[in-house]
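Right, one structure below, let's go through it.
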Amino acid sequence: MDVLSVCNHKGGTGKTTTAIHVAAALGLSGWSVLVIDLDPQGFLTRTMDVEEPRSDASVAKLFEPSVSLDTIPVRHLSGFDLLPSSSTLTKRMRDLNKPTDVLWVREVLQNSSLEYDLVLFDTAAAVTVYSLNALVASEHVLIPVLPEYQAIVGAEQTFQTIELVENKLNPRLQSRNFLLTQVDARKRIHRTYQEYLRTKYGDSVLDSVIRTSTSLAESREGGTTVFDHDSSARGAQDYANATDELTQRLRSVQKSSQEASPVPDDSIEAEDVPLPDEVLDS
Ligand SMILES: Nc1ncnc2c1ncn2[C@@H]1O[C@H](COP(=O)(O)OP(=O)(O)OP(=O)(O)O)[C@@H](O)[C@H]1O
Ligand SMILES: [Mg+2]
Numbered sequence: 026m027d028v029l030s031v032c033n034h035k036g037g038t039g040k041t042t043t044a045i046h047v048a049a050a051l052g053l054s055g056w057s058v059l060v061i062d063l064d065p066q067g068f069l070t071r072t073m074d075v076e077e078p079r080s081d082a083s084v085a086k087l088f089e090p091s092v093s094l095d096t097i098p099v100r101h102l103s104g105f106d107l108l109p110s111s112s113t114l115t116k117r118m119r120d121l122n123k124p125t126d127v128l129w130v131r132e133v134l135q136n137s138s139l140e141y142d143l144v145l146f147d148t149a150a151a152v153t154v155y156s157l158n159a160l161v162a163s164e165h166v167l168i169p170v171l172p173e174y175q176a177i178v179g180a181e182q183t184f185q186t187i188e189l190v191e192n193k194l195n196p197r198l199q200s201r202n203f204l205l206t207q208v209d210a211r212k213r214i215h216r217t218y219q220e221y222l223r224t225k226y227g228d229s230v231l232d233s234v235i236r237t238s239t240s241l242a243e244s245r246e247g248g249t250t251v252f253d254h255d256s257s258a259r260g261a262q263d264y265a266n267a268t269d270e271l272t273q274r275l276r277s278v279q280k281s282s283q284e285a286s287p288v289p290d291d292s293i294e295a296e297d298v299p300l301p302d303e304v305l306d307s
């Protein structure tokens, strides 16, 4: 089972749109995918027209002791399953302040017998205990980024957070890819920032890009994916291509990690785990 976080500390860079459409594109290719909405605002859950469930049928359940993911009901949507978000995450956040509170989700996944090909986290535009839980549980990160100044700064900060998490909390977190979104080739500034990102981060930037597409916004209004709304739209083509490229990269990481010697599970001691603020400050 692969585990992927969609993450960028800057808001509005296409994280939720990307999480939905990568999951749906993989679903169309026969993958079984579980999307976990770890954004307390639950935009992915709302976008898919899923009502906020009771807290014990939501992602909030992952932060309770002795929970099995196998017993939390998921929603079966077109192409993927969804564990919906809950507004109780916001209230719960102030209690999740111990060093070990970044480990909840990884532990639940490790103890699960569910057989998805991919678990995919959508995260909020901030470094919180929830986004850290996603990164600590993941092997891969996808960073959607608009080719504009603030989004690029957010993406670079995200890249640094991922390196810290890899070094201090999760040595398995080795694969990270930027995905350029909402690209408008007519804008000179977009070309400039694309070039900047590709020059600085090379192969970590997917060749495929997501162009601006009104069908993506329209499908969102209808609580569906662009593949169901208009499969010939350029948003559908772009996400299909980007997902193909991403899949190849996930497979090559899988292959090289099978060849490498495994990292022991006990490589991280709970008392070594920094609190979220400490991660940011280091
Ligand atoms: N390729 C695109 N073309 C046109 N509009 C897009 C595209 N991608 C995303 N959008 C629109 O941009 C807005 C922000 O996208 P989205 O919610 O996916 O970003 P986000 O990073 O998840 O935001 P947040 O940080 O608030 O969670 C939405 O209205 C979405 O419909
Ligand atoms: Mg979002």
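The sequence shown begins at 26 in our numbering and counts up by one.
Here a beta-carbon is modelled for each residue, glycine too, at the ideal position from N, C-alpha and C.
These figures come from a predicted structure and were not determined experimentally.
Check: Under the three-state reduction of DSSP, which class applies to residue 124: helix, strand or coil?
Finding: In the structure shown, residue 124 adopts helical secondary structure according to DSSP, grouped into three states.
Cβ-heavy atom distance between residue 27 and ligand 2 below 7 Å? Residue 27 Cβ: outside cutoff for every heavy atom of ligand 2.
request  = Could you give the DSSP three-state label for residue 74: helix, strand or coil?
outcome  = Correct three-state label for residue 74: coil.
Discussion item. I'd like the list of long-range same chain contacts for residue 176, defined as Cβ closer than 6 Å, with 5 residues on each side in sequence excluded.
Written reply: Once the five neighbours on either side are set aside, the close Cβ partners of residue 176 are 35, 38 and 170.
Mind checking which residues open and close the beta strand (DSSP E) that includes residue 106? From DSSP, the beta strand (DSSP E) with residue 106 extends over 106–108.
Residue range of the beta strand (DSSP E) that includes residue 168: Run containing residue 168: 165–170, per the beta strand (DSSP E) assignment.
Subject >> Helix, strand or coil at residue 44 [DSSP, three-state] >> reply: Look at residue 44 here: in three-state DSSP terms it is helix.
Where residue 31 falls: helix, strand or coil (DSSP) = Looking at residue 31 - three-state DSSP - the assignment turns out to be strand.
* Asked: Hey, is residue 39 close to ligand 1, as in C-beta under 7 Å from one of its heavy atoms?
  -> Checking every heavy atom of ligand 1 against the Cβ of residue 39, one is found closer than 7 Å.
*Cβ contact (3+ pairs, closer than 8 Å) linking the segment 173–188 and the segment 41–52*: For the pair of segments examined, the segment 173–188 was found not to touch the segment 41–52: the number of CB pairs separated by less than 8 Å stays below three.
**Prompt:** Can you tell me where the alpha helix (DSSP H) with residue 157 in it begins and where it stops?
**Reply:** For residue 157, the enclosing alpha helix (DSSP H) stretches over residues 154–162.
task: Determine the direct distance from the alpha carbon of residue 146 to that of residue 29, and round the result to whole angstroms.
output: The straight-line gap from Cα to Cα measures roughly 6 Å.
Going by C-alpha distance, which of 248, 68 and 56 is nearest residue 150?
With distances taken between Cα atoms, residue 150 lies closest to 68.
Quiz item: Between residue 250 and residue 231, what straight-line distance do the alpha-carbon atoms span, to the nearest angstrom?
Solution: So the alpha carbons of these two residues sit roughly 22 Å apart.
Given 8 Å, three or more beta-carbon pairs between the segment 243–259 and the segment 96–114: They touch, by the three-pair rule.
Worksheet item: Where does the unbroken alpha helix (DSSP H) through residue 214 begin, and where does it stop?
Response: Note, residue 214: alpha helix (DSSP H), 213–226.
- Task: Go ahead and pull the three-state DSSP assignment for residue 200.
- Result: In this structure, DSSP gives residue 200 an extended state, which the three-state scheme calls strand.
Q. Is it the case that the Cβ atoms of residue 208 and residue 239 are separated by a distance below 8 Å?
A. No, these two residues do not count as a Cβ contact at 8 Å.
>> Rounding to the nearest angstrom, what Cα-Cα distance links residue 141 and residue 211 in this structure?
In response: Approximately 40 Å between the Cα atoms of the pair.
Problem set entry | Length of the line joining the Cα atoms of residue 305 and residue 257 | In this prediction, residue 305 scores a pLDDT of 45, lower than 50, which makes its location untrustworthy; no coordinate-derived value is stated.
- What are the boundary residues of the alpha helix (DSSP H) that includes residue 253? Per DSSP, residue 253 belongs to the alpha helix (DSSP H) from 251–254.
| said: Taking 7 Å as the limit between beta carbons, can you name the residues of its chain near residue 241, skipping five residues before and five after? | reply: Cβ neighbours of residue 241 beyond the five flanking positions: 42, 251 and 260.
Excluding the five sequence neighbours on either side, which residues of its own chain have a C-beta within less than 8 Å of the C-beta of residue 278, listed in chain order? Its chain contains 164, 165, 199 and 200 as the residues whose beta carbon lies nearer than 8 Å to that of residue 278, once the 5 sequence neighbours on both sides are disregarded; these appear in chain order.
Using CA coordinates, which residue listed in 255, 205, 158 and 214 is at the minimum distance from residue 40? The shortest C-alpha separation from residue 40 is found at 205.
- In three-state DSSP terms, what is residue 187? Note: residue 187 maps to helix in three-state DSSP.
Look up residue 100 in the DSSP assignment and say whether it is helix, strand or coil.
The answer is strand: DSSP assigns residue 100 an E or B state.
_Cβ contact (3+ pairs, closer than 8 Å) linking the segment 263–281 and the segment 111–123_ = Using a C-beta cut-off of 8 Å, the segment 263–281 makes no contact with the segment 111–123, since fewer than three inter-stretch Cβ pairs fall below that distance.
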